[in-house]
Amino acid sequence: MPRGGERSPLGQAAGGRRVRDEAVHARGAPDGRHSLHRTGRATARVSSPGVDGAPGRSACLFEVAGRTFAVEISQAREVRTFDGYTVVPLAPPHLLGMANLRGAIVPILDLQTLLGLPARPRAGAVQTLVVEANLVRVALAIDAVIGIESFDEILASRDVGVDARGLERGALRRGDDAIAVLEVVNIVDALTRRATNQEGRA
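Counting from 1 along the sequence shown, just add 803 to a position and that's the residue number in the working numbering.
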């Protein structure tokens, strides 16, 4: 398995493989809210419940291209900055590259492209939110993590005018704003579906 600055099976790394850890998990705060904590490992488990939320659930909020999005905390694993990654030749535009995450190869996805926004400039280092669904882990390129907030329900996106190109499972109300809650299952499906379509056109 590729480690450090070693060559990966997919090609030469775009830089060093040193990464910085921030596990994402929810822990009750004295005031009943949740916050982002730094630990040695993530403690959340995969869960993909229905749209109607149960009281006391939490979401991890983050920024992409000046917009705020969220994923349920049950699908978030950790915040990780990759100082280098492997660029895959002829990869689809939403795949920035592949990275070594403790011996496992994970794809780094450009959410901006998947959301129909201008593509993220390629750089040597990229901050990501590692998420998981159906035993598949992917790293979403983000600009910043806002934190973890609790919510009572997920609203239907059509009711609050949120559009995330089919990647959303609903929306959260945050003050006067509606925040799209992305469904990691849909993101993983989009990755595999677009890769299959590209192979079919080759």
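All C-beta atoms in this analysis are idealised placements derived from N, C-alpha and C, irrespective of residue type, glycine included.
All values derive from a computational prediction rather than experimental measurement.
query: Simplified DSSP state of Val987, which is helix, strand or coil; result: helix
query: Extent of the continuous alpha helix (DSSP H) run through Thr916; result: 914-917
query: Assigned secondary structure, Leu920 (DSSP; H/G/I helix, E/B strand, else coil); result: coil
query: Helix, strand or coil at Asp992 according to DSSP, with G and I counted as helix; result: helix
query: CB of Ala1009 within 8 Å of CB of Leu932, strictly; result: No statement about residue 1009 is possible, as the shown extent of the chain runs from 804 to 1005 and does not include it.
query: Residues near Ala928 by beta carbon distance below 8 Å, same chain, minus five either side; result: Gly818, Thr884, Phe885, Asp886, Gly887
query: Within 8 Å, strictly: CB atoms of Ala922 and Gln915; result: yes
query: His967 to Gly906 span [Cα, whole Å]; result: The amino acid occupying residue 967 in the given sequence is Ala; His does not appear at that position. Going by the C-alpha atoms only, they are around 32 Å apart.
query: Exposure of Arg972, with buried meaning 16 or more beta-carbon neighbours within 10 Å; result: buried
query: Contact under 8 Å by Cβ, Leu975 with Asn989; result: no
query: 8 Å contact criterion, which Ile911 and Ala868 should meet: CB distance rounded; result: Incorrect: roughly 16 Å between the Cβ atoms, too far for contact.
query: Arg806 classed as buried or exposed, judged by whether at least 16 other C-beta atoms fall within 10 angstroms; result: Any answer about Arg806 is weak, because its pLDDT of 42 lies below 50 and its placement is not dependable; what the coordinates show is given next. By the neighbour-count rule (16 or more Cβ atoms within 10 Å), Arg806 is not buried but exposed.
query: Reference Ala926; option with closest CA among Arg940, Asp946, Gly919, Ala936; result: Asp946
query: Alpha carbon of Ile876 to alpha carbon of Leu904, nearest angstrom; result: 20 Å
query: Beta-carbon gap between Ile949 and Glu881 smaller than 8 Å; result: no
query: Per DSSP, cross-strand counterpart(s) of Ala879; result: Val934
query: Environment of Glu935 [buried if 16+ CB atoms lie within 10 Å]; result: buried
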